[in-house]
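Peer 1:
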Amino acid sequence: MTTLLSRPDYVKVKREVARILEEFAITEPPVDPVRIARMLGVTVYFVTFEQSKQNISGFFDCDERAIFVNKDEYPLRQTFTIAHELGHKVLHEAWAKSSDYRVLLRDSNYQADEPHEKEANAFAAHLLVPRFMLDKYYKRLNLEQLSTLFAVSVPMIKNRLAFEYGIRQG
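Under my numbering, the letters of the sequence shown match residues 36 to 205, in that order.
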C-alpha cells in the first residue's frame, strides 16, 4: 500500500535534507547531487530520451536504483532534476515503486501542485541551496554570483531568497 499525500510535509523535507547534509559532512556550496546520489547507492545516468519523451527532465527508477537525466537539458536544469529525483528516492521510495508513480512531462499538463512533486521540488531547493549556507553569502554576493557559487540558476536563487528571507527581486 502506498501513501497518498493530501498535502506536502515540508518539515519532513527539511529534516531529511538536514540529515543528508550532516551525514555526508556537506558544509559549503556547491552541493553536488550526483555525489550524494552515489553515496546513497543511486547511479545517475545522462541519457537521450526518444523524440516523443524529450519533455522529460528525468526520473527515478527504484528497481535499478538509478536516476535517468535528460542529457540534452541545460546543465543547471540537470542539477535540479537530479536533486528533485533524489527527493523522490529519499521521501517517496514506496510511492515511486507503486502504480501511482508517473513520469511527468514538462508541458501544459505538468502537475507541479501534486504533493509528491511539491515535496521533491522543496527537497531539491533546500538541498542545493541550504539556508545555513545561504545565510553566509546572500548579503555579500549578487544574484549572478550566488548562482555561480551554488551552481543553480538565477531564478532558483531568487526563489530561495524569497522563500527564506522574503526578498523579492525583479
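For each residue, glycine too, the CB sits at the ideal point set by N, CA and C. As the structure is a prediction and not an experimental result, all values here were calculated from the model.
1) Just to confirm, are Phe59 and Ile71 a CB contact at a threshold of 8 angstroms?
2) Select from Lys47, Ala53, Asp44 and Val46 the residue whose C-alpha is nearest the C-alpha of Pro165.
3) Closest by CA to Met168, which one among Asp44, Val46, Ile192 and Glu85?
4) Below 8 angstroms between beta carbons: does that hold for Val48 and Leu163?
5) So if DSSP puts Ile102 in a beta bridge, which residue, or which two residues, is it bridged to?
6) Leaving out five residues on either side along the sequence, give the residues of the same chain with a beta carbon under 7 angstroms from the beta carbon of Ile202.
7) Rounded to the nearest angstrom, how far is the Cβ of Ala186 from that of Thr114, given a contact under 8 angstroms?
Peer 2: This is what the structure gives:
1) Counted from its first residue, the sequence shown places residue 59 at position 24. Counted from its first residue, the sequence shown places residue 71 at position 36. Yes, they are a contact pair.
2) Locating residue 165 in the sequence shown gives position 130, where the first residue counts as 1. The candidate whose alpha carbon is nearest that of Pro165 is Ala53.
3) Mapped onto the sequence shown, residue 168 falls at position 133. Comparing Cα-Cα distances from Met168 to each of Asp44, Val46, Ile192 and Glu85, the minimum goes to Ile192.
4) Start at 1 with the first residue of the sequence shown, and residue 48 comes out as number 13. Start at 1 with the first residue of the sequence shown, and residue 163 comes out as number 128. Cβ atoms of Val48 and Leu163: not closer than 8 angstroms.
5) If you number the sequence shown from 1, residue 102 lands on position 67. By DSSP's assignment, Ile102 forms a beta bridge with Val79 and Phe95.
6) Position 167 of the sequence shown, counted from the first residue, corresponds to residue 202. Cβ within range, chain order: Leu196.
7) Taking the first residue of the sequence shown as 1, we reach residue 186 at position 151. Taking the first residue of the sequence shown as 1, we reach residue 114 at position 79. Confirmed, about 6 angstroms.
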